[in-house]
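Scroll down for the structure; my scribbles are underneath it.
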Amino acid sequence: IQTRGQHQSRINSDFFPRLSVIFRIKIQNPSDYTTAELIKRTITMLSKKFKNQRDSILELTLLPNNQLEGYFTTAVASKECQQIIGQRQLITGLWTGNTLTFSVVYEQCGSIYSVVGNFDQEKNHIDVIGLINHQSDDATGKDCGSRYITHDTYNSIN
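Numbering (this note's numbering), first residue to last: 5 to 162.
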């Protein structure tokens with residue numbers, strides 16, 4: 005595969021599975037990309053594990069097209085929903101530049117944890133604000149006990 009000059013071949017389909025294993029990337033239709041395009045996308049990818057000051061674990065994979073996926077394992081919970089502590093929950097979200105957002109659904113507790121935040125330049129630390137929203141019979145917002153705002157700092161552990 006040549007990437008010098010103006011000639012850039014399309015990536016060979018049998019080459020992609022090996023590359024995807026090495027970099028843990030998910031790109032649909034890899035044959036649609038030149039080698040240089042695929043390498044550029046690979047360089048911007050991230051797959052890391054983070055821990056916050058409460059010992060909760062965040063596993064993130066940044067995907068092409070600004071998609072984010074991974075897992076969140078909480079180390080804390082309300083007294084009414086202790087069963088979620090230590091459960092690895094799927095997350096989905098979005099990212100662009102050094103910003104990210106994701107949500108975690110705790111169906112068994114009737115709540116959603118939504119997060120917005122920023123990476124540092126090296127993507128080793130994340131500072132986030134989270135909103136925990138519990139189901140409520142009072143949709144007008146008078147039942148403020150159903151919403152909690154959190155602030156957490158995550159540090160890379162791998």
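Cβ atoms here follow ideal geometry from the backbone N, Cα and C, with glycine treated the same way. Values in this document were obtained by computation on a predicted structure and should not be read as measured data.
Give the DSSP-derived three-state secondary structure of Lys55 in the structure shown. Judged by DSSP in its simplified three-state form, Lys55 adopts strand.
I need the DSSP call for Thr48, collapsed to helix, strand or coil. Only weak support exists for where Thr48 lies, its pLDDT of 47 falling under 50; the coordinates are left without a value.
Whose C-alpha, out of Thr154, Gln112 and Gly114, is nearest the C-alpha of Gly121? Cα-wise, what sits closest to Gly121 is Thr154.
Can you tell me the Cα-Cα spacing of Val108 and Asp142, whole angstroms? Computed Cα separation, rounded: 22 Å.
Determine the closest residue to Ile136 out of Leu64, Gln91, Ser51 and Phe106, with distance taken between C-alpha atoms. Relative to Ile136, the option among Leu64, Gln91, Ser51 and Phe106 whose CA is nearest is Phe106.
Which residues in the same chain have their Cβ closer than 8 Å to the Cβ of Gln93, if we skip the five residues on either side of it in sequence? Hits under 8 Å: Tyr75, Phe76, Thr77, Thr78, Val108, Val109 and Tyr110.
So what does Glu73 bridge to, in DSSP terms? Beta-bridge pairing links Glu73 to Thr65 and Thr96.
Taking 6 Å as the limit between beta carbons, can you name the residues of its chain near Lys53, skipping five residues before and five after? Within the same chain, Lys53 has close Cβ partners Glu63, Ile161 and Asn162.
Between Ile133 and Leu104, what straight-line distance do the alpha-carbon atoms span, to the nearest angstrom? Taking the Cα positions, Ile133 is about 11 Å away from Leu104.
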